[in-house]
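Notes for the one structure printed next.
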Amino acid sequence: MSIQDIRLFGDPVLRTPAAVVTDFDKELRQLVKDLTDTMLDAPGVGLAAPQIGVGLRVFTYWVDDELGHLVNPSLDLSEEEQDGEEGCLSFPGLAFDTPRALRVVAKGQNMHGEPVVLEGSELMARCIQHETDHLDGILFIDRLDREQRKLAMKAIREAEWAGGPTPTVKLSPHATFGKAL
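Counted the way the working numbering counts, the sequence shown spans residues -10 to 170.
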């Protein structure tokens, strides 16, 4: 078991799009194990590789007693949306209502390179979208409307974990301001 440090908001790796996985080897299997161990220890319902400083398109999830991982995900999203409370291990203790597609079909691979299709609704759909956003350098605060984003930034500035100077926040070009994905 190898628990890794979770990168916090302000770390540049969280804003950097992750690379496609091409080597399905023992290093990838160890990464999936490290992600899983770290996620369960946190505890969280999902964790993406950039959150532990690894720039690869891999995430793990633990939703409704289903534990798994997905490599190189691509998503098909429903038009129907849901607003729901969403937090992030890279923003300890903070949660905001965040709009997401109600249902998702994710296609990708497992750690052995075999094709995987993962379908989910509600919390599972939210988790898949959230973790895939991490792989694209998008944070859940980018999905908030302007007013909620202002509140989020205030909470971040006041958070004990933020410690030093407040990082300069560059708005993601993918921000939706509460609009559909």
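For every residue, glycine included, the Cβ atom is placed at its ideal position computed from N, Cα and C.
Proximity below 8 Å, CB of residue i to CB of residue j
| i | j | result |
| --- | --- | --- |
| G35 | H119 | yes |
| A90 | L66 | yes |
| A141 | L83 | yes |
| A7 | G44 | yes |
| G102 | F13 | yes |
| L59 | V9 | no |
Helix, strand or coil at residue i according to DSSP, with G and I counted as helix
| i | result |
| --- | --- |
| H58 | strand |
| Q(-7) | coil |
Rounded C-alpha distance that separates residue i from residue j
| i | j | result |
| --- | --- | --- |
| E147 | K139 | 13 Å |
| L128 | V52 | 20 Å |
| E149 | I117 | 28 Å |
| L29 | D(-6) | 13 Å |
| E75 | T87 | 6 Å |
| R171 | I145 | The requested residue 171 is not part of the displayed model; the chain covers only -10 to 170. |
Residues near residue i by beta carbon distance below 8 Å, same chain, minus five either side
| i | result |
| --- | --- |
| R(-4) | V2, L3, P39, Q40, I41, G42 and S79 |
| Q19 | S(-9) |
| N99 | H58, L59, V60 and V105 |
Cross-strand partners of residue i (DSSP beta bridge)
| i | result |
| --- | --- |
| G126 | Beta-bridge pairing links G126 to no other residue. |
| V47 | V60 |
| D53 | DSSP, once it has assigned bridges, lists no residue as partnering D53. |
Own chain, CB closer than 6 Å to residue i, minus 5 neighbours either side, in chain order
| i | result |
| --- | --- |
| P62 | A95, G97 and T121 |
| Q137 | F85 |
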